Structure formats: structure tokens, C-alpha cells
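**Q** Could you have a look at this structure, given as C-alpha cells, before my questions?
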Amino acid sequence: MDFRNAIDESLAWASRWFDYAVMPWFFYQAAIIVTLFLVAKLAAQRIEPLVETRARQIKGHPGLLRVVVALLRRTDWILFTVFLLAALILLRAVTWPSRSHFIYIALSLSLAWLFASVLSRIVRNRFVARALAWLTWIYAAIVILGIDDDAATFLDGLAIPLGAVRLSLLMMLKAALLLIATVWLAVVVGKYIDERVRISEELTPSIRVLVGKVAKVGLVLVAGAIALSSVGLDLTALTIFSGAVGVGLAFGLQKVVSNFVSGIIILLDKSIKPGDTISLEGTFGWVRELRARFVSVVTRDGREYLIPNEDFITQRVINWSFSDNLVRLDVNFGVSYDADPHKVSELAIKAAMSVGRVEADRRPVCWLTDFGESSLNFVLRFWIHDPQQGLTNVRGRVLLALWDTFRENGIDIPYPHREIIMKPDGHAEKSGGR
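In my numbering, the protein residues as written are 69 to 502.
In C-alpha cells form, the structure reads like this:
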């Protein structure tokens, strides 16, 4: 019954507007509106470049510049609104107000669109900004045309009963608008809290990330609950969907939930934190950021790997800076049997200490490990305090220092070779050699 009444009221409203549209003065006003719009378009093409050059000179106020640029992009609408206002004043001065009613409506609609489109620029996402501008303008247009009550009745008539709840299109639209507004506000507040927490020096890096995540997720959930409750939607009534939806989410979002929970565990046990140097499945780099679903790891070659949080829980991870930044590295080398092993150890330690990144407080050590087939084998062990700067490069510098030191002191680094002895019967024997 409500739906049929809404249809009848809509048809009556359309009939009234049709009667108004066939009047002669409606066509006169429409011609004036179209002419003024074309004039505003042509004038904006000349005015906008001149004003934009002056606006770009604004420095140090990015927010003000953003609003000014948004206004400049709508110079045609600003001029169109001004021209409509002038035409409305002129017509009301020389004729009856009813003969300028359509221009008044056009002026109100253009003003509503101008404000909605400019104010929506505070949202950085272009799609969301456009959707917000259109929704705001449509609501303003319904109020300006005086059909807000009829539209509300029509939308409320499009409803379906769900148990004890009557779900209408009007309720859904209100819920959507309130949900967008409250969630957007919650995201803004959450980002502000996150930024304030990140610059706090009293909290550890892991606690900063944890507080930021909890604030963002918690505010969004609270905003959603408030928005749905504000339109009169009983949240307990949604439990009729919890069975099927819950099963679907359990399968579809299994990995997402697993990574989110793993991220919370990582933050609580402080096993991984921003700035740590880690190795995981051949990936070596330092942790740039902890997210709800993944960890951002930057390698030495500039690549950024987005590793799921679950991998840090289920797989073996090397955290080079878990307790401190000191890391011990080993370099294996061999020298000729003609060299004095005691002197070789001293020279190797001296060569390692000549490299800048080698920790001076922890003296390197060098041990003879094996009498090889072709060489005396040694291991040189030294410490560094900046593993995030790379491991291969410091090993390479130590090896170059060993090479230079051994050449200066006449110590040979042998290479394997074989001796072939030819016998009179034509057979050959192979023997090892140095």
C-alpha cells in the first residue's frame, strides 16, 4: 500500500512539472540559462590561466593551495553562478517573480554543485570525492525542488521485511551515507593518532605500530556500529545472516585473518620491528614498515618485498638485529704451505681491522682450521654493527684487504693443480700437487 501511494505521489509531482514546463516563460528562462552557461564557459577559458599563474605562487600552505586550485578548476561554474544571480536580480526588477522561478532553481542547483564539488576535494581519493560530491548534490537538489518528503516516502515504500526488521531503500541510503561519513572521520582520526604515536619517543617501535593499528581498526568498527544504529537498524537482527556469511568469510578470508593475527603476535612478542635486518627464504633486507597484512622489507638493491605476516610465524627467520646490531661474519681463505701460519694470522687480523666497518672494540680473530691438499686453510672472524648496510660488500672489502696485505708480505695464495707423469709404456699417472 505504501509503495502504491508513493507511485501516485510521484506521478502527481511529474504532472505538475510538465504543466510548468509547457509555459512560454519556461522556454525563455531555459534559453537564458543555456546562453549564460556558454558565455561562462568561454570566459573561463581566458580567465582561468591568468588566475592559476598567480595561485601557483602560494608557498607553505598546501591546504589553501588545494582549495584554491579546486576553485580554479570550476571557474566556469563560478562565472555561471554570478551570471545567473545577475539575471535573477534583473528579471525580478522588471517582471513578476514567477517568471524567474526556473532561473532561481538553476541558481540554487549550481550553487549546491559548486559547494559540493569544492568541499569534496578534502577527500584525496578521486572516486570517493566524486561519489560524495554527487550524493551531496542530489540530496541538495531534492530539497531545492521541494520533493524531499515525496522522495522519502517513495524510497521508504521500497522495502522488504526481514523478520522483525523492515529494510527499506531509504534506510539503506541513510545507512550508506552515515557509514561513509563516520568511517571517513574514523580513518582521519585514526591516521592522526597513528602519526602522533609514531613520533612518540617514550614507546618502542613495536608498541607504536600496535597502538596505531588498534586505533585505526577500533575506530572504524565503532564508526560502523554507530552509523548503523543511528538509522534504527538493530544489529542483533543481522545474526540471521551470520551462519552463511560466517562460513563464507571463514573460507574466503582465512589467509587475511591469519596474516592479521600473525601481525598482532609479531607486535606483541617484538620479534620483528621497523629497522630490523632480517633474512627469510633468501631475502635479505631491513624492515621498513609493519602493516596489518604484510611486512615491508627493503633489500640492498632497492627492491621492496611485501612478505605476509604468517611467513614470519611459520618459517625460520634470521633477525640480525633482534637483541643488538652486532653481527659476526666469517671469511675463509687459504695460503701456501711455505707461509708461517703465525704470521698469516697476525696479518689477517691487521687487514680486517683496516676496513672501516669492522668493529674495533671486538678484535677480529684468525684460526688455522685445516691442512688442505693445496693450502693451509684459515677462518677470519670479525664483527660489524651495521648489517643493514650489507654483508657481501664488507666481506669483499676484507678479502681485498687480505689480498693486498699478503702481496705486500710475500705470502702466496695457492690454487689447486695436478702433475702428470709420463711413463715409457705410454701410461700416465696423476698426482696431486700444490
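Glycine included, C-beta positions come from ideal geometry on N, C-alpha and C. The structure presented is a predicted model; accordingly, all values stated were derived computationally and were not measured.
Ends of the alpha helix (DSSP H) at residue 145?
**A** Counting along the chain, the alpha helix (DSSP H) containing residue 145 begins and ends at 143-162.
**Q** What span of residues does the alpha helix (DSSP H) with residue 464 cover, start to end?
**A** Residues 460-476.
**Q** How big is the Cα-Cα spacing for residue 394 and residue 465?
**A** One C-alpha to the other measures close to 18 Å.
**Q** By how many angstroms is the C-alpha of residue 290 removed from the C-alpha of residue 259?
**A** In a straight line, the C-alpha of residue 259 is about 15 Å away from that of residue 290.
**Q** In whole angstroms, give me the CA-to-CA distance for residue 244 and residue 200.
**A** Going from the Cα of residue 244 to the Cα of residue 200 covers about 11 Å.
**Q** In terms of DSSP beta bridges, what is residue 347 paired with?
**A** DSSP, once it has assigned bridges, lists 352, 386 as partnering residue 347.
**Q** Whole angstroms is fine: what's the gap from residue 490's alpha carbon to residue 440's?
**A** If I take the Cα positions, the gap works out to 26 Å.
**Q** Cβ of residue 402 within 8 Å of Cβ of residue 443?
**A** Their beta carbons are under 8 Å apart, which means residue 402 touches residue 443 by this criterion.
**Q** Which same chain residues end up closer than 6 Å to residue 205 when comparing Cβ atoms and leaving out the 5 residues on each side of it in sequence?
**A** Excluding residues within five positions, the ones whose Cβ falls inside 6 Å are 180, 181, 184.
**Q** Enumerate, from N- to C-terminal direction, the unbroken beta strand (DSSP E) stretches of 3 or more residues contained entirely within the segment 390-452.
**A** 395-403, 433-439, 444-452, all fully within the segment 390-452.
**Q** Within this structure, are the beta carbons of residue 360 and residue 328 separated by less than 8 Å?
**A** Contact flag set, yes.
**Q** Tell whether a beta-carbon distance below 8 Å holds between residue 480 and residue 447.
**A** No, the Cβ-Cβ distance between residue 480 and residue 447 is not below 8 Å.
**Q** Could you pull the start and end residues of the beta strand (DSSP E) that residue 364 belongs to?
**A** That run of the beta strand (DSSP E) goes 362-367.
**Q** Across the segment 373-380 and the segment 427-437, are there enough close Cβ pairs to call them in contact, namely three or more that are closer than 8 Å?
**A** Contact between the segment 373-380 and the segment 427-437 is absent, because fewer than three Cβ pairs lie under 8 Å.
**Q** Quick check on residue 483: does DSSP put it in helix, strand or coil?
**A** Residue 483: coil per DSSP, three-state reduction.
**Q** What residue from 419, 478, 411, 167 has the CA that sits closest to residue 95's CA?
**A** Looking at the Cα atoms, 167 is the closest of the given residues.
**Q** Using DSSP with H/G/I as helix, E/B as strand and the rest coil, what is residue 376?
**A** Looking at residue 376 - three-state DSSP - the assignment turns out to be strand.
**Q** With burial defined as no fewer than 16 other Cβ atoms inside 10 Å of the residue's Cβ, what is the status of residue 161: buried or exposed?
**A** That one is exposed.
**Q** Could you compute how far the alpha carbon of residue 139 sits from the alpha carbon of residue 276?
**A** Roughly 39 Å between the two C-alpha positions.
**Q** Does DSSP classify residue 488 as helix, strand or coil?
**A** Strand.
**Q** According to DSSP, simplified to helix, strand and coil, what is residue 241?
**A** The answer is helix: DSSP assigns residue 241 an H, G or I state.
**Q** Can you pull the DSSP bridge partners for residue 358?
**A** Per DSSP, 363.
**Q** Kindly list the residues whose CB is nearer than 8 Å to the CB of residue 467, restricted to its own chain and excluding five residues on each side of it in sequence; keep chain order.
**A** Excluding residues within five positions, the ones whose Cβ falls inside 8 Å are 399, 401.
**Q** Please confirm whether residue 97 and residue 171 have their CB atoms less than 8 Å apart.
**A** Taking 8 Å as the Cβ cut-off, residue 97 and residue 171 qualify as a contacting pair.
**Q** Where does residue 171 fall in DSSP's three states?
**A** If DSSP states are grouped into helix, strand and coil, residue 171 belongs with the helices.
**Q** When we look at the beta-carbon of residue 309 and count the other beta-carbons within 10 Å, is it buried (16 or more) or exposed?
**A** Residue confidence for residue 309 is low, a pLDDT of 49 falling below 50, so the modelled location carries little weight; the figure read from the coordinates is stated next. Label assigned to residue 309: exposed.
**Q** Going by C-alpha distance, which of 375, 346, 405, 351 is nearest residue 389?
**A** Out of 375, 346, 405, 351, 346 has the C-alpha closest to the C-alpha of residue 389.
**Q** In chain order, what residues of the same chain have a beta carbon less than 6 Å from the beta carbon of residue 353, not counting five sequence neighbours either side?
**A** Excluding sequence neighbours, residue 353 sits near 365, 366, 367.
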